[in-house]
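Student: Those protein sequence lines, which keep their order, are chains A and B.
Residue numbers for the first sequence follow the working numbering, so the first one is 1 and each next one is one higher.
Residue numbers for the second sequence follow the working numbering, so the first one is 1001 and each next one is one higher.
Even glycine gets a Cβ: it sits at the ideal position worked out from N, Cα and C.
Small disclaimer: the values here were computed from a predicted structure and weren't measured.
Quick one: the structure is below, and I'll ask about it shortly.
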Amino acid sequence: DGGITQSPKYLFRKEGQNVTLSCEQNLNHDAMYWYRQDPGQGLRLIYYSQIVNDFQKGDIAEGYSVSREKKESFPLTVTSAQKNPTAFYLCASRVDRAPNTGELFFGEGSRLTVL
Amino acid sequence: AQKITQTQPGMFVQEKEAVTLDCTYDTSDPSYGLFWYKQPSSGEMIFLIYQGSYDQQNATEGRYSLNFQKARKSANLVISASQLGDSAMYFCAFRGGGSNYKLTFGKGTLLTVNP
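Okay, structure coming up:
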């Protein structure tokens, strides 16, 4: 079945370490997104990519980096510059259908805890 | 910038009754879209329903309907005949005009269905 796979599901890291969260989709969707969710909060956009080799900053990009070398993959790196990285991270792709409403399809998320 | 507001942090409903979850938005875009997503305790985001700003009729999907009042800038979700499995966080999301299809999410409402 088609879907989005995020790994790892749970990740612990020490302060000062970079960590990369994987997001792979086999839906053949062009656009992919990374959101961050904190307890009691909605989702906030970190980065998005509408096409391979191109990506844009979202509302809270500081301390994060991404790459989009393949259509299927959109990994997110949480760098040591991110001041408060403990959060739930959700990857999504935009559903391609006419008319394009902008509906997003989400992965199951990765929970990052900084010790 | 668009703003989306969910004023109910938590709601309770008896099984088999209907419940309305509130969502208001603020925009000057003539073309936009509104979404509702469900997030169970497992964390994944599940798309429920979409309403476009130019749609003449309120959207419906099974037990979900969207009470769209454009002049009041509200897009409330109505769940009929609540089931225990409806207990979850519910997020309203806004998509403005333009081609980047970024979604802005509200802070969510935690719905608890009582037996």
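#1: By Cβ distance below 6 Å, which residues in the same chain neighbour A/F106 in space, the five residues on each side in sequence not counted?
#2: Considering A/L90, what are the terminal residues of the beta strand (DSSP E) in which it resides?
#3: Starting from A/T20, find everything on chain B with Cβ-Cβ shorter than 8 Å and list it in chain order.
#4: Is B/E1015 closer than 7 Å to B/V1113 when the C-beta atoms are compared?
#5: Assuming contact is defined by CB atoms lying nearer than 7 Å, are A/L43 and A/D59 in contact in what I supplied?
#6: Anything in the segment 82-99 of chain A with a Cβ closer than 7 Å to a Cβ of chain B? List those residues in chain order, please.
#7: Determine, using beta carbons only, whether B/D1022 and B/T1007 come nearer to each other than 7 Å.
#8: Starting from B/F1047, find everything on chain A with Cβ-Cβ shorter than 9 Å and list it in chain order.
#9: Mind checking A/E103: buried by the 16 CB within 10 Å criterion, or exposed?
#10: Enumerate, from N- to C-terminal direction, the unbroken beta strand (DSSP E) stretches of 3 or more residues contained entirely within the segment 40-105 of chain A.
#11: Taking 8 Å as the cut-off, does the segment 11-22 of chain A touch the segment 1084-1092 of chain B (at least 3 CB pairs, one atom from each stretch)?
#12: Under the rule that 16 or more other beta-carbon atoms within 10 Å means buried, what is A/I4, buried or exposed?
#13: Starting from B/K1003, follow the beta strand (DSSP E) in both directions and report where the run begins and ends.
#14: How would you list, in chain order, the residues of chain C whose beta-carbon sits under 9 Å from the beta-carbon of A/G42?
#15: Please tell me whether A/L45 has its Cβ less than 7 Å away from any Cβ of chain B.
#16: Which partner residues does B/K1038 have in the DSSP bridge list?
Tutor: Quick answer:
#1: Translated into positions along the first sequence, residue 106 of chain A becomes position 106. Excluding sequence neighbours, A/F106 sits near L90, A92.
#2: Locating residue 90 of chain A in the first sequence gives position 90, where the first residue counts as 1. Note, A/L90: beta strand (DSSP E), 87-94.
#3: Counting from 1 along the first sequence, the entry for residue 20 of chain A is found at position 20. In chain order: nothing, as chain B lies at least about 20 Å away.
#4: Looking up residue 1113 of chain B in the second sequence gives position 113. Looking up residue 1015 of chain B in the second sequence gives position 15. Cβ distance < 7 Å, so B/V1113 and B/E1015 count as in contact.
#5: Mapped onto the first sequence, residue 43 of chain A falls at position 43. Mapped onto the first sequence, residue 59 of chain A falls at position 59. Their beta carbons are not under 7 Å apart, which means A/L43 does not touch A/D59 by this criterion.
#6: Close to chain B, meaning a Cβ-Cβ distance shorter than 7 Å, are the following residues of the segment 82-99 of chain A: F88, L90, R94.
#7: Here residue 1022 of chain B corresponds to residue number 22 of the second sequence, with the count starting at 1. Here residue 1007 of chain B corresponds to residue number 7 of the second sequence, with the count starting at 1. Yes, Cβ-Cβ distance for B/D1022 and B/T1007 is below 7 Å.
#8: Within the second sequence, residue 1047 of chain B is the residue found at index 47, counting from 1. Residues of chain A whose Cβ lies closer than 9 Å to the Cβ of B/F1047 are, in chain order, V95, E103, L104, F105, F106.
#9: As a first step, residue 103 of chain A must be located in the first sequence, where it is residue number 103. By the beta-carbon neighbour count (other beta carbons within 10 angstroms, threshold 16), A/E103 is buried.
#10: List check, beta strand (DSSP E) in window: 43-51, 54-57, 64-66, 76-78, 87-94.
#11: With the cut-off at 8 Å, the segment 1084-1092 of chain B and the segment 11-22 of chain A do not touch.
#12: The sequence position of residue 4 of chain A within the first sequence is 4, counting from 1. By the beta-carbon neighbour count (other beta carbons within 10 angstroms, threshold 16), A/I4 is buried.
#13: Taking the first residue of the second sequence as position 1, residue 1003 of chain B is located at position 3. Per DSSP, B/K1003 belongs to the beta strand (DSSP E) from 1003-1005.
#14: Judged by its chain identifiers, the structure shown contains no chain C, and its protein chains are A and B.
#15: Here residue 45 of chain A refers to the residue found at position 45 when the first sequence is read from its first residue. The beta-carbon of A/L45 is placed less than 7 Å from the nearest beta-carbon of chain B.
#16: In the second sequence, the residue the question calls residue 1038 of chain B occupies position 38. DSSP lists B/I1046, B/Y1090 as partners of B/K1038.
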